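Report on one structure; see the data block that follows.
2 protein chains.
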Amino acid sequence: MKDQAPMNGAESVVRSLHGAGVRVCFANPGTSEMQFVDALDRTGLLRCVLGLFEGVVTGAADGYARMADVPAVTLLHLAPGLANAGANMHNARKARSPMVNLVGDHAVRHRDYDAPLTADVAGAAAPFSDWVKTATSPESFAADAMEALGAAMSRPNKVATLIAPADIGWDAGGQIAPPPAAPEFAPLEEAAVERAAGMLGPDTVILVSGRVLETPEAVAQLQGIAAQTGAKALAPTSNRRFDRGAGRAGIARVPYPINMALDTLKPFRRAVLIETVEPVAFFAYPDRPSLLLPAGCEVATLTGRDGDGPAAVAALAERVGAQANRSHASLPPAPQAGAITPETIATAIANALPENAIVVDESVSGGRDVWRQTEGAPPHSWISLTGGAIGDGIPLALGAAIACPERPVLALQADGSAMYTIQGLWSQAREGANVTTVVFANRSYEILKIELFAVGANPGRSALDMLDLDRPALDFVAIAKGMGVPGRRVEDVAELQRAIADAMAEPGPFLVEAAM
Amino acid sequence: MKDQAPMNGAESVVRSLHGAGVRVCFANPGTSEMQFVDALDRTGLLRCVLGLFEGVVTGAADGYARMADVPAVTLLHLAPGLANAGANMHNARKARSPMVNLVGDHAVRHRDYDAPLTADVAGAAAPFSDWVKTATSPESFAADAMEALGAAMSRPNKVATLIAPADIGWDAGGQIAPPPAAPEFAPLEEAAVERAAGMLGPDTVILVSGRVLETPEAVAQLQGIAAQTGAKALAPTSNRRFDRGAGRAGIARVPYPINMALDTLKPFRRAVLIETVEPVAFFAYPDRPSLLLPAGCEVATLTGRDGDGPAAVAALAERVGAQANRSHASLPPAPQAGAITPETIATAIANALPENAIVVDESVSGGRDVWRQTEGAPPHSWISLTGGAIGDGIPLALGAAIACPERPVLALQADGSAMYTIQGLWSQAREGANVTTVVFANRSYEILKIELFAVGANPGRSALDMLDLDRPALDFVAIAKGMGVPGRRVEDVAELQRAIADAMAEPGPFLVEAAM
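Line by line, the protein sequences are chains A and B. Note that our numbering has the first sequence beginning at 9, numbered continuously upward. Note that our numbering has the second sequence beginning at 9, numbered continuously upward.
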């Protein structure tokens, strides 16, 4: 090394991240991150994916992490850039996805002045991060980055944000840091297995999420436990990832609408939790409870979010002598020519889905039947909006495609939600991501109309006007074209099925606007 | 009132805001704001403008406030929605624009549960707000809103964020609250006038911003003071609003590039500040100072940001016996046919500008000559990016057009920056806003290339690739069409001038993509 220039802080971080297995950086850099752009360029160690908006960056990092099971790193610019990234950091946090955000700040000496871009970076990070630290020297910067990576990979996975004043990246003195220790699961208590086993019966619900749903054998064992004991297995409404489809075991989810959720859980007197917590309503409503399990329901945690869910399921299955039990769901009949409705679009998608696809679900109200109809579709991974902050689908699909370039990605995308991070289409085109986006074009915030009635309103024209997106109508094919993504609008459901199947078989992104 | 249903909290807020002069609500509501949607609908008191993304909402509110001089109110959804709004709250805050944000939160009883959308709303508000409060009862909710409005209108104007748990909006008990007291300026000290007058001379710079620049007579008096004493008047790089053009007085600005800024201020030994503070570099750079005035420069504040700048200028003019001094700048020659460059686009814009226009400037590097070339253009208001958080231009133009429906709006829009809040075009179409957007299509983050060299890098292909937007090329005409805004791409500068003039003479939005 003696003939080389001393390493700066930014380069030490890039080299240490690479040493720890990080391979991709999703970025929307600004002036305070130019030393990272320079270090990424000089080292060539990480693939850099540019987003035109920070919500694309963090949503893509989430999609990548869900499929790759290691974090992508993001590169963000100061407090306003971090704020733009916040909604999809929130979704990643609620998914328990591992994420490391590197956020540039002004040089230390510059922070005392009220420069135009000065704002509280750590304050902007806190609401959407599990771990926040500000680097203090080039020498310790890479060690801080490894601490962030360790936090992100700890159980459950977390969102870690490391703030990097510009001069700590510029200045010489960077020291490569070793990778963090491998994370450990919270131990499974034998007593918890005993207690859970003793609770199983026809009035028991087993609620599972996390890594259980990413392990088809675990879900099959879980359904075996249910078949053996009469208990019912359910997943929360939204989950980080579920590997499902023909030949695997399915699982029903707690419905989103409050009354349906309460009705679904009403029969149960006992609940066993595996890698999840007591289910709670998305929102509070007048005269409805916040907690969804019936009052007096006995609740036991077999293992928490920090535990090894598949191991817990295996222990429980062994304890009750259950065998794996797979789904026998079959494909619904392919749709005939006709209008695209929430019912028919579900059968079109089920019949169009190729083997080994990744389905990204931000279909909101229009996609309500797709989950059920795709249980017998070819095996696929299903990743969906977890934190309720709409604007996640297009970026999640980008990140998933970069994590798994050999797998076709199908993004089920509500139209209103699509507009929050529509810029992600450009990054899909730039990266040649094999993503087929189906826009559920019902031209309204349909879900909010339902919610408006749910709070007891009797809406007039101006209220409904606030929830309609048809004045003017959004032309998603034109928008996609403007960002380099080819597309077409389809009004017939049989044609929709063909359009989806064709697009998924071709490389690169494509957008299908499904007129509903 | 005795025969009517009791008023809920949301309705009391809407009625009180209207009573205090608020007329517009820019909104991107969700479930936790449905009682506001209902109250806005039932009362019909405020014009509601829907944004498809929260950055559009707060940017438009900022543009509205800068031109209307009263705040628009925004309606936002929980912590992630507030985060999406944050970058343009930041720009509004740095502009000292008055803004009131109403942000829904979960019902009080629901906040203890980790629901999908639960996050720290007040924490997300703090970095981008001057004032934050959470409502605690329907009875005091409207009084809280009036306190927020009072904070927003206090001197200097501020960004005020009021968080509203959903049940406090639903529940009965709302009480109309009286408008806040009119704000008062900090008094002008006679001694400060004496001191400033004694400092004026050829090595003195008078730095002014705030309301001075919005008052053509004050700027003319200021230039009279400069002419009388040999002092030089300068404005900061970016300002809330400047009313300028033929027959008014112009003013030069401190340049953005660090070396030019230092060179501009190097000659001065004394500085008088009026409604501004000591100028600071946008960013810190290796081997460059953060403060731009030369070391040892004597600095006196005639009046701070909380003072009445025009009154201070008038007092100083009287004290030194100065007369108003207006600009004699004339229009540059109209461009002949040829390529669109930073030089030629400036003359095209100057010659296309109609009387009484509003110019919104987020042109970044491509628009560097426009300010100078438009000094002799017909009188106009100039509003620009203030906080450095790009993605402000399209929303600012929307809000300005809603504040001043009789004035044509010209948005000078860098292409990279446009993509952060591109959804605002749809709201422009929906509202029939008379906005002509000129996209400076240089297909790169040109400013960042300059910054990359400024930190001493010797960028390779992958670094430059991160700053280029040409793979694929963005087709802004297609994107605009997809959102209901007609447009055209222009490659010749004389044609550009005609296209801009034609579009500004027509009602409704139009987009011109200027190929640079």
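Ideal Cβ positions, reconstructed from N, Cα and C, are used throughout, including at glycine. The model shown is predicted, which means the values in this text are computed figures rather than measured ones.
Here the alpha carbon of T126(A) sits roughly 11 Å from the alpha carbon of A289(B). H336(A) has its alpha-carbon roughly 13 Å from the corresponding atom of P387(A). For a Cβ distance threshold of 9 Å, nothing in chain B lies close to P387(A): the least Cβ distance comes to about 27 Å.
Beyond the five residues adjoining it in sequence on each side, A168(B) comes within less than 6 Å, by CB distance, of V108, W139, A156, A159 and A160 in the same chain, given in chain order. Annotation: V485(B) to G253(B) spans about 30 Å, alpha carbon to alpha carbon.
The continuous alpha helix (DSSP H) containing L406(B) extends over residues G401 to A411. Non-local C-beta neighbours of R256(B) in its own chain, meaning closer than 8 Å and more than five positions away in sequence, comprise P224, V227, A228, R334, S335 and P387, ordered along the chain.
Close partners of E459(A) in chain B (Cβ separation under 7 Å): T39 and M42.
Contacts with chain B (Cβ-Cβ distance below 8 Å) from the segment 393-427 of chain A involve T394, G395, G396, A397, G399, G424 and M427, listed in chain order. Taking every protein chain shown into account, the CB of P146(A) has 16 or more other CB atoms within 10 angstroms, so this residue is buried. At a Cβ-Cβ threshold of 9 Å, V321(B) and I233(B) count as neighbours. Using a Cβ distance threshold of 9 Å, A502(B) and A354(B) do not count as a contacting pair. Under the three-pair Cβ rule at 8 Å, the segment 162-177 of chain A counts as touching the segment 105-124 of chain A.
The three-state secondary structure of M161(B), taken from DSSP, is helix. Residues of chain A whose Cβ lies closer than 8 Å to the Cβ of N247(B) do not exist; the shortest such Cβ separation is about 11 Å. Put simply, the backbone Cα of P350(A) is about 21 Å away from that of P362(A). Scanning the segment 166-231 of chain B from its first residue to its last, the whole beta strand (DSSP E) runs of 3-plus residues come out as 167-173 and 212-216. Going by DSSP, N99(B) is part of the alpha helix (DSSP H) stretching over L86 to A103. Counting along the chain, no alpha helix (DSSP H) covers D113(A); the unbroken beta strand (DSSP E) around it starts and ends at M107 to D113. Contact check for D179(B) against F276(B) fails: the beta carbons are separated by 9 Å or more. Taking C-beta separations shorter than 6 Å and ignoring five residues to either side along the sequence, the partners of A235(B) in its chain run N333, following chain order. In the structure shown, K274(B) adopts coil according to DSSP, grouped into three states. Per DSSP, reduced to three states, the secondary structure at I391(A) is strand.
In the assembly as shown, E326(A) is an exposed residue. Its beta-carbon has fewer than 16 other beta-carbons within 10 Å. Using a CB distance below 9 Å, the part of the segment 428-448 of chain A facing chain B consists of Y428, T429, I430, Q431, W434, A437 and R438, ordered along the chain. With distances taken between CA atoms, R249(A) lies nearest to A405(A) out of G329(A), A509(A), L519(A) and A405(A).
Beta-bridge annotation (DSSP): G490(B) is not paired with any residue. At a cut-off of 9 Å, the C-beta of D70(B) has no neighbouring C-beta in chain A. For A289(A), the chain B residues whose C-beta falls within less than 9 Å of its own C-beta are H118, Y121 and A123, listed in chain order.
When C-beta distances to chain A are compared with 8 Å, the residues of the segment 135-152 of chain B below that value are P135 and F136, in chain order.
In the structure shown, F44(A) falls within a helical segment according to DSSP collapsed to helix, strand and coil.
Within the segment 311-374 of chain B, the runs of beta strand (DSSP E) that reach at least 3 residues and sit entirely inside it are, in chain order, 365-370.
Taking a C-beta distance under 9 Å as the contact criterion, M474(B) and G374(B) do not qualify as a contact pair. Exclusion of the five residues before and after I214(A) leaves A239, A241 and V280 as the residues of its chain whose Cβ lies within less than 6 Å of its Cβ.
Relative to S425(B), the option among S470(B), V220(B), S392(B) and R415(B) whose CA is nearest is S392(B).
Put simply, the segment 504-512 of chain A does not touch the segment 17-25 of chain B. Fewer than three CB pairs are less than 8 Å apart.
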